[in-house]
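Peer 1: I am attaching a structure below and will ask some questions about it afterwards.
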């Protein structure tokens, strides 16, 4: 679909023209690696690998939520957005182009995480594991991408910013991203399977290690993805650009 | 063929009724002006006709279909507001982006040349002057070889020369058979371009007539005097408002009215003659008062 690529290309162009934005999205996960993973789990190959995988999921979650939640809300506040709605294209290419561009930015933001893991920790991964991990990135990013889109299309910019911030923290901690697979506090073990972050990180752990993913977590990941897709679609349909009272 | 139509369309934002049962039809080949003060509902009507927003009630139609259906917008050209260009993109990129949505776009060089932007293709839009941005915005409406263009206040904030240049471009498009719906709050601009004008005020259609007919209405003057007694019958008065001793007479011929006032025996003070605003003229004429045009 060439129009999708056109939209993706222009999204990326706009991002790249403000280089600090690229640096920003890559900095946070890399810094988290340096402060939380390297000093605590750096020497243990298995722990470092799992921790890196968790950090990757953390990174794609934050990047997806904010890129789409805040990015879409910001775009909607621009008059240019109203103009693009008068062009003869349905929502498909815009939606898909945005997702493609977001995925590309997410991958860029993962590079420093992987570099830190490879150079400063004992984390290891086979070529197959890396490839599987890449697939897990795409599957795991989906619910957060859709959640971001739902937030971005439903809320004005300032509200979207707050909601993204409020949403990402419980998802990260509650999903067990801050602890290794079976050492999380008891209450997190209880709630984690019901959060999309857990399903995503279990996929990642399974890809790069020999963690057996739980059916319940994966099912809930699918449920969250579908629910987020429905919410995003409904928010998009109701959206008419800026709303004033 | 009717290219754009609104039938009994209403739209509110919260408690504010922006459009109240508005109907308008634009036939192929027409150049219709949409005139009205700020807040009259012009932009809302345009947003409905171009598929950006949907009406609360009533029906809108574009090129025979629902404007919210992308297929109906294939033959539509719209101008973004001047401030709305993506600042980091270059002029040529913005044109290419819009062109990618159309099956047979005007080649970039030809379009930029036509709007005097040929030297600016590699500049970021954020660095353009107000006039250049405005020209680019209007050029974007013509990228897809439209049958109908909708221009929302296209020349607001431009100097006279730049305005003439854009008027020429719009006239050339119309002369070649193009249909134009153009909003403005300058009567002068509508007069220069349109044959027909629809006047909006307070979310309603106040007039839908030839430019000449509307100009006569807008040419109404307000003559105010303070009188203690009763006013005699005066020529050319279309509406009278009394505010205690103060009488405001709306007239199409202020000269004749003042002459008649002076020669009459009425004892008046504080004579004041001033033009009415568009809004005043139309509200006065549409308000249910005894005297009408």
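Protein chains in written order, with the numbering used here: chain A, 1 to 245; chain B, 246 to 538.
By construction, the Cβ of each residue, glycine as well, lies at the ideal position given by its N, Cα and C atoms.
This one's a predicted model, so the numbers in the text were calculated from it and none came from an experiment.
According to DSSP, is residue 355 of chain B part of a helix, a strand, or is it coil?
Peer 2: If DSSP states are grouped into helix, strand and coil, residue 355 of chain B belongs with the helices.
Peer 1: Give every residue of the same chain whose Cβ lies closer than 8 Å to the Cβ of residue 225 of chain A, excluding the five residues on either side of it in the sequence, and list them in chain order.
Peer 2: Same-chain partners within the cutoff: 142, 143, 146, 196.
Peer 1: Name the chain B residues that come within less than 8 Å of residue 153 of chain A, Cβ to Cβ?
Peer 2: Those within 8 Å of residue 153 of chain A in chain B number zero; the least Cβ separation is about 15 Å.
Peer 1: Could you check whether the Cβ of residue 78 of chain A sits closer than 8 Å to any Cβ belonging to chain B?
Peer 2: Closer than 8 Å to some Cβ of chain B, the Cβ of residue 78 of chain A qualifies, so yes.
Peer 1: Any beta-carbon of chain B closer than 8 Å to the one on residue 4 of chain A?
Peer 2: No, its Cβ sits nowhere closer than 8 Å to a Cβ of chain B.
Peer 1: Taking CB distances under 8 Å as the criterion, tell me whether residue 68 of chain A reaches chain B.
Peer 2: Answer no: the Cβ-Cβ gap between residue 68 of chain A and chain B never drops below 8 Å.
Peer 1: Assuming residue 475 of chain B and residue 496 of chain B form a contact by the criterion Cβ under 8 Å, report the distance between their Cβ atoms to the nearest whole angstrom.
Peer 2: About 18 Å; that fails the 8 Å criterion.
Peer 1: Taking only three categories from DSSP, how would you classify residue 520 of chain B?
Peer 2: If DSSP states are grouped into helix, strand and coil, residue 520 of chain B belongs with the strands.
Peer 1: Considering only the beta carbon of each residue, do residue 125 of chain A and residue 34 of chain A sit closer than 8 Å?
Peer 2: No, the Cβ-Cβ distance between residue 125 of chain A and residue 34 of chain A is not below 8 Å.
Peer 1: Where DSSP assigns a beta bridge to residue 258 of chain B, which residues make up the other side?
Peer 2: Paired residue(s): B:261.
Peer 1: Output needed in chain order: residues of the segment 333–358 of chain B with a Cβ under 8 Å from some Cβ in chain A.
Peer 2: Flagged, chain order: 333, 334, 338, 342, 343, 345, 346, 347.
Peer 1: Please name the residues in the segment 5–26 of chain A whose beta-carbon is closer than 7 Å to at least one beta-carbon of chain B, in chain order.
Peer 2: Answer set for the segment 5–26 of chain A: 6, 10, 13, 14, 17, 18.
Peer 1: Only counting the same chain, and skipping five residues up and downstream in sequence, which positions put a Cβ closer than 6 Å to that of residue 148 of chain A?
Peer 2: Once the five neighbours on either side are set aside, the close Cβ partners of residue 148 of chain A are 64, 65, 68, 69.
Peer 1: Checking the sheet assignment: what are the DSSP bridge partners for residue 397 of chain B?
Peer 2: Its beta-bridge partners are B:428.
Peer 1: Just how far apart, CA to CA, sit residue 488 of chain B and residue 423 of chain B?
Peer 2: Distance between the alpha carbons of residue 488 of chain B and residue 423 of chain B is about 49 Å.
Peer 1: Three-state secondary structure (DSSP) at residue 408 of chain B?
Peer 2: Correct three-state label for residue 408 of chain B: helix.
Peer 1: At a CB distance below 8 Å, what residues from the segment 126–138 of chain A approach chain B? Give them in sequence order.
Peer 2: Hits within the stretch: zero.
Peer 1: In angstroms with no decimal places, state the Cα-to-Cα distance between residue 486 of chain B and residue 444 of chain B.
Peer 2: Distance between the alpha carbons of residue 486 of chain B and residue 444 of chain B: 23 Å.
Peer 1: Ignoring anything shorter than 3 residues or poking outside the segment 469–521 of chain B, list the beta strand (DSSP E) runs there in chain order.
Peer 2: DSSP runs (the beta strand (DSSP E)) wholly in the segment 469–521 of chain B: 482–488, 491–496, 513–520.
Peer 1: Determine the DSSP secondary structure at residue 276 of chain B, reduced to helix, strand or coil.
Peer 2: Of the three classes helix, strand and coil, the one that applies to residue 276 of chain B here is strand, per DSSP.
Peer 1: Report the three-state DSSP secondary structure of residue 534 of chain B (helix, strand or coil).
Peer 2: Residue placement at residue 534 of chain B cannot be trusted, given a pLDDT of 43 that sits under 50; what the coordinates show is reported in the next sentence. In this structure, residue 534 of chain B counts as coil in the three-state DSSP scheme.
Peer 1: Can you tell me the Cα-Cα spacing of residue 5 of chain A and residue 93 of chain A, whole angstroms?
Peer 2: Roughly 8 Å between the two C-alpha positions.
Peer 1: Taking the C-alpha atoms as reference points, what is the distance between residue 352 of chain B and residue 391 of chain B?
Peer 2: So the alpha carbons of these two residues sit roughly 14 Å apart.
Peer 1: DSSP state of residue 324 of chain B, grouped into three classes?
Peer 2: If DSSP states are grouped into helix, strand and coil, residue 324 of chain B belongs with coil.
Peer 1: So, at 7 Å on beta carbons, what are the nonlocal neighbours of residue 99 of chain A in its own chain, with the 5 sequence-adjacent residues on each side left out?
Peer 2: Answer for residue 99 of chain A: 145, listed in chain order.
Peer 1: Assign residue 135 of chain A to buried or exposed, taking buried as 16 or more other Cβ atoms, counted over all protein chains shown, within 10 Å of its Cβ.
Peer 2: Exposed, because fewer than 16 other Cβ atoms sit within 10 Å of the Cβ of residue 135 of chain A.
Peer 1: Please report whether the beta-carbon of residue 319 of chain B lies at a distance below 8 Å from any beta-carbon of chain A.
Peer 2: Cβ-Cβ to chain A under 8 Å: yes for residue 319 of chain B.
Peer 1: Is residue 330 of chain B helix, strand or coil when you go by DSSP?
Peer 2: Looking at residue 330 of chain B - three-state DSSP - the assignment turns out to be coil, as it is neither helix nor strand.
Peer 1: Return the residue from the list B:439, B:499, B:448, B:508 that minimises the CA-CA distance to residue 284 of chain B.
Peer 2: Taking only the C-alpha atoms, the option nearest residue 284 of chain B is B:448.
Peer 1: Fully enclosed by the segment 121–180 of chain A, which alpha helix (DSSP H) runs are 4 residues long or longer?
Peer 2: If we require 4 residues or more, the alpha helix (DSSP H) runs fully inside the segment 121–180 of chain A come out as 127–154, 157–174.
Peer 1: Among residues of its own chain, excluding the 5 on either side of residue 286 of chain A, which ones have a beta-carbon nearer than 7 Å to its beta-carbon?
Peer 2: Examination of residue 286 of chain A is not possible in this model, given that chain A is present from 1 through 245 alone.
Peer 1: Using only the alpha-carbon positions, how far apart do residue 252 of chain B and residue 469 of chain B sit?
Peer 2: Looking at the two C-alpha atoms, the distance is approximately 40 Å.
Peer 1: Consult DSSP for residue 302 of chain B and reduce its assignment to one of helix, strand or coil.
Peer 2: Residue 302 of chain B falls in the strand class under three-state DSSP.
Peer 1: Beta carbons nearer than 7 Å to chain A: which residues of the segment 382–399 of chain B have them?
Peer 2: So the list is empty, because no residue satisfies the distance condition.
Peer 1: My output table needs one value for residue 243 of chain A: the three-state DSSP class, helix, strand or coil.
Peer 2: For residue 243 of chain A, the predicted model reports a pLDDT of 46, less than 50, meaning its position is unreliable and no value from the coordinates is stated.
Peer 1: Note down the Cα distance separating residue 362 of chain B from residue 396 of chain B, rounded to an integer number of angstroms.
Peer 2: Approximately 19 Å between the Cα atoms of the pair.
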